Amino acid sequence: MQQANNKEAPTPTLHQLIRGLGRRTNVINDALKLLEQRGHTFSKSAVYTTINRNGTNNATIEAALLDAIEAERSKKDSSTARRQALAA
Numbered sequence: 001m002q003q004a005n006n007k008e009a010p011t012p013t014l015h016q017l018i019r020g021l022g023r024r025t026n027v028i029n030d031a032l033k034l035l036e037q038r039g040h041t042f043s044k045s046a047v048y049t050t051i052n053r054n055g056t057n058n059a060t061i062e063a064a065l066l067d068a069i070e071a072e073r074s075k076k077d078s079s080t081a082r083r084q085a086l087a088a
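Written as structure tokens, this is what we have:
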């Protein structure tokens with residue numbers, strides 16, 4: 001009898017999430033725009049530092065990055081669905 005694996009899959013890092021979108025994305029610039037809309041001003045280097053530290057240094061930047069990643073993934077999924085619909 002086999003035992004079920006009770007361990008959950010590890011949570012992906014911000015870096016892994018961004019790399020999973022492909023080679024070219026606008027996630028960094030989109031995150032900076034979101035931060036600006038929310039009344040925050042950060043440099044690109046601060047965003048990259050947050051990515052490298054997996055969000056542990058700044059929760060505000062992490063939230064904007066996650067929102068930008070989600071929007072990018074949704075846009076790609078929508079494009080894929082439209083292509084498939086046109087191919088049918």
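Numbering follows UniProt numbering, in which position 75 of the sequence shown is assigned residue number 75; successive positions increment by one, without gaps.
Beta carbons are placed, not taken as given, at the ideal position from N, Cα and C, and that holds for glycine.
Just so you know, these numbers come straight off a predicted model, no measurement behind them.
Residue i, buried or exposed, once every other Cβ within 10 Å from all chains shown has been counted against 16
i	result
E36	exposed
E62	buried
L14	buried
Assigned secondary structure, residue i (DSSP; H/G/I helix, E/B strand, else coil)
i	result
R83	helix
T11	coil
A88	coil
T56	coil
L21	coil
Using 8 Å as the threshold, is the stretch 64-74 in touch with the stretch 18-35, meaning 3 or more CB pairs across them?
yes
Which runs of the alpha helix (DSSP H) at least 4 residues long sit entirely within the stretch 23-49? Give them in chain order.
27-37
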